[in-house]
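Chains as they are written, first to last, in UniProt numbering: chain A, 1 to 197; chain B, 1 to 197. Here a beta-carbon is modelled for each residue, glycine too, at the ideal position from N, C-alpha and C. These numbers come from a predicted model, not from an experiment. Reviewing the structure listed below.
There are 2 protein chains.
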Amino acid sequence: MSEARGPDPTRRSERSRTAILSAAIELVTESGYAKTSIEAIAARAGVGKQTIYRWWPSKAAVVFDAVLDLTKGQQGFSVLETGDLKEDLKQVLRATAEELTNPRMDVSFRALALEIQYDANLASHWREKMLGPALDATKDRLRSAQHSGEIDADLDLDVAVELLYGPLYHRWLLQTAPVSVEHADAVVDLAMRAMSR
Amino acid sequence: MSEARGPDPTRRSERSRTAILSAAIELVTESGYAKTSIEAIAARAGVGKQTIYRWWPSKAAVVFDAVLDLTKGQQGFSVLETGDLKEDLKQVLRATAEELTNPRMDVSFRALALEIQYDANLASHWREKMLGPALDATKDRLRSAQHSGEIDADLDLDVAVELLYGPLYHRWLLQTAPVSVEHADAVVDLAMRAMSR
């Protein structure tokens, strides 16, 4: 009986989804965002164009989900809480620096950072799913450090998290200097002086 | 005799240059960067297309100079040295926030921030002429505060300036929250705590 059954449709969907997202990242990395088409992604993934359009409204949306998948795998948007705030922040900022310099991420992530300038809908997705969770998790970690008395209770956490992430994205987007884990550490060391009581 | 003389060619060049740069900013602001052409800039400025090509190699180069002109007028890339470091930094960071939120600047400046991702030559011009002078002037001001003992002499100034500018550009480019002079002040207040001895 079991041999007569067709493949599990949920499994097949998941396989197609993974193939599409991998193809999107590969093509953007190889040829750039502008030259990557939905047709090419479909061909590389071995699915029909309509399969992509059934799940995603645009090329930007496919690349967005592809990057989101890569990001989640690496970081999971949670910040460790070992009791040593400085080390916990270094861990998360180093992971960000590694993401930004990962060749598999760089071109696609950068392309999206540009697309949001012209696409308000994508910009709000970006805030909600891409940057928001990382900023929120970091604020949660800082809030807990406020409760334990490790950092100043009056600190404006919205400004404090930008002191951590701002310098990394500044380098990366404006290409003023290379992003590195050493730089991430230096930023945390300095920002900790601002936050400490 | 003087009535028989033609117009001063240097003056005429300067008038054309100003007209071209104004037309470039106006068109990019009205229609977006992608839809602005050299032809349209020439027509709006009342010059021939060849006049533009004689002075600039590309649309990006024209818009770059147009933005540079606007930036210089507002800020001049110098940081006040009144003896009160915190106020001097607030003054320069507020000016940056005002530039980034100036509707006449926003679209063109943002378009260039995107173009540099794909154009290594423009990226190096950007570093050298647009961001570099502001970062360097700010570092000079911090160096002088190190000498006067106002801030820590061991501070890595490359990291310190990013603690100031990074949060503003992070908000502006990644659209996580509005840029404002109040935000600029909050960033300086917090960064000063990191830098002070």
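Asked	Found
Please confirm if valine 187/B has its CB atom under 8 Å from at least one CB of chain A.	yes
Can you tell me which of Ser144/B, Gly149/B, Pro57/B puts its alpha carbon nearest to the alpha carbon of aspartate 119/B?	Pro57/B
Give me the Cα-Cα distance between leucine 173/A and aspartate 8/A, rounded to the nearest whole angstrom.	43 Å
Once DSSP output is grouped into helix, strand and coil, what is the label at serine 78/B?	coil
Mind listing the chain B neighbours of isoleucine 116/A? Cutoff is C-beta to C-beta under 8 Å, in chain order.	Leu174, Gln175
Classify threonine 10/A: buried if its beta carbon has 16 or more other beta carbons within 10 angstroms, exposed otherwise.	exposed
Just mark histidine 125/B as buried or exposed, buried being the case when its beta carbon has 16 or more other beta carbons within 10 Å.	buried
Identify the continuous alpha helix (DSSP H) that holds tryptophan 55/A and give its terminal residues.	49-55
Let me confirm a value: proline 103/B is counted as buried when at least 16 other C-beta atoms fall within 10 Å, else exposed. Which label applies?	exposed
Sorted by chain position, which residues of the same chain lie with C-beta nearer than 6 Å to alanine 24/A's C-beta, five sequence neighbours on each side aside?	Ile41, Val62, Val63, Ala66
Using a Cβ cut-off of 8 Å, pull out every chain A residue sitting near alanine 61/B, in sequence order please.	Within 8 Å Cβ-Cβ: nothing; alanine 61/B doesn't reach chain A, min ~18 Å.
List the endpoints of the continuous alpha helix (DSSP H) containing asparagine 121/B.	120-125
Under 9 Å Cβ-Cβ, which residues of chain B neighbour valine 159/A?	Pro167, His183, Ala186, Val187, Asp189, Leu190
Name the chain B residues that come within less than 8 Å of histidine 170/A, Cβ to Cβ?	Glu162, Tyr165, Gly166, Tyr169, His170
Excluding the five sequence neighbours on either side, which residues of its own chain have a C-beta within less than 8 Å of the C-beta of valine 179/A, listed in chain order?	Ala97, Leu100, Thr101, Leu168, Arg171, Trp172
Taking the continuous alpha helix (DSSP H) assigned at alanine 43/A, which residues delimit it?	38-45
Looking at chain B, is there any beta carbon in it that lies within less than 8 Å of the beta carbon of arginine 193/A?	yes
Please report the straight-line C-alpha distance between threonine 82/B and arginine 141/B, rounded to a whole angstrom.	10 Å
Could you check whether the Cβ of alanine 123/B sits closer than 8 Å to any Cβ belonging to chain A?	yes
Pick helix, strand or coil for isoleucine 25/B, following the three-state DSSP scheme.	helix
Going along chain A in order, which residues have a C-beta closer than 9 Å to the C-beta of leucine 89/B?	Chain A residues near leucine 89/B: none, gap ~13 Å exceeds 9 Å.
May I have the straight-line CA-CA distance separating histidine 183/B from valine 159/A, to the nearest angstrom?	8 Å
Note down, in chain order, every chain A residue with its Cβ under 7 Å from the Cβ of aspartate 156/B.	Ala186
Does the distance from the C-beta atom of glutamate 150/A to that of leucine 85/A stay below 8 Å?	yes
By how many angstroms is the C-alpha of leucine 93/B removed from the C-alpha of alanine 45/A?	48 Å
Between leucine 142/B and chain A, is any beta-carbon pair separated by less than 8 Å?	no
So, is tyrosine 33/A buried or exposed, given that buried needs 16 or more other C-beta atoms within 10 angstroms?	buried
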